[in-house]
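Okay, structure first, notes after.
Chains as they are written, first to last, in the working numbering: chain A, 1 to 115; chain B, 1001 to 1115.
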């Protein structure tokens, strides 16, 4: 079974803090993704990576950055957290970089609250 | 960019009722289509997907979806729902971009099945 783990299930931070969300997958997948999930808006893609050290902006990258130094790990960084970044953050991975029919495997999510 | 529309945000059914959740997408080219499900307290997981061949796709737990190209639709169906089908359902489509594919999700439909 593919396993995608996220460093925290719940996180509470203060406005202006730098926040790191970590994601690790154990199946040698090429693609990794960060989404945020908000009620009524579904999942919105923040960033994705199709290879080590490679990254692509998703639909809502503003206020976020990412890092992928190793194939199995993809980090999401909030440089200066704001209250409108309070959300559920989901990490996902998939096997092939160029295969459109790839299934994504999701982690359990991190519920971030910014006060 | 593509968009995915899910017609209903909330659906309430009694057990044994039939289910149809609507999904329309905007892209006119070759598409790969997915339904993902998130049961309460669980990870988002794949329910079924279409990438080629028979437009009627069967997934887990008795679900199926039909790809109708002329209508840009990929509706999810189940003839008789169970209480355990209570979950949030997301339709998604893959879009080809720089460096690979990314997935566009609909806003989700929350299904509540009354025992």
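The beta-carbon is built from N, C-alpha and C at its ideal position, and this holds for glycine as well.
In this structure, residue 1036/B and residue 1046/B form a Cβ contact; the two beta carbons are roughly 6 Å apart against a cut-off of 8 Å. The three-state reading of DSSP puts residue 82/A in coil, since its state is none of H, G, I, E or B.
Taking every protein chain shown into account, the CB of residue 14/A has fewer than 16 other CB atoms within 10 angstroms, so this residue is exposed.
Taking 8 Å as the cut-off, the Cβ atoms of residue 89/A and residue 21/A count as close. Of the residues 35/A, 28/A, 29/A, the one whose Cα lies closest to the Cα of residue 109/A is 35/A.
Within 8 Å of the CB of residue 28/A, no CB atom of chain B is found; the nearest one sits about 16 Å away. The beta-carbon of residue 1076/B is placed no less than 8 Å from the nearest beta-carbon of chain A. When the five nearest sequence neighbours on each side are left out, the beta carbons in the same chain lying within less than 6 Å of the beta carbon of residue 8/A are those of 110, in order along the chain. Scanning chain A for C-beta atoms nearer than 8 Å to the C-beta of residue 1107/B yields 40, 41, 42, reported in chain order. For residue 108/A, the residues of chain B that pass the 7 Å Cβ criterion are 1043, in the order they occur in the chain. By the neighbour-count criterion, in which 16 or more other beta carbons inside 10 Å mark a residue as buried, residue 1012/B falls on the exposed side. Note: residue 1078/B is bridge-paired with 1019/B in the DSSP secondary-structure output. Minimum Cα-Cα distance from residue 1094/B among the listed residues 1053/B, 1049/B, 1009/B, 1010/B corresponds to 1049/B.
A direct Cα-to-Cα measurement between residue 1003/B and residue 92/A gives close to 20 Å. Of the residues assessed, residue 47/A falls on the buried side of the cut-off, its CB having 16 or more other CB atoms within 10 angstroms. Within the DSSP secondary-structure output, residue 1026/B pairs in no beta bridge.
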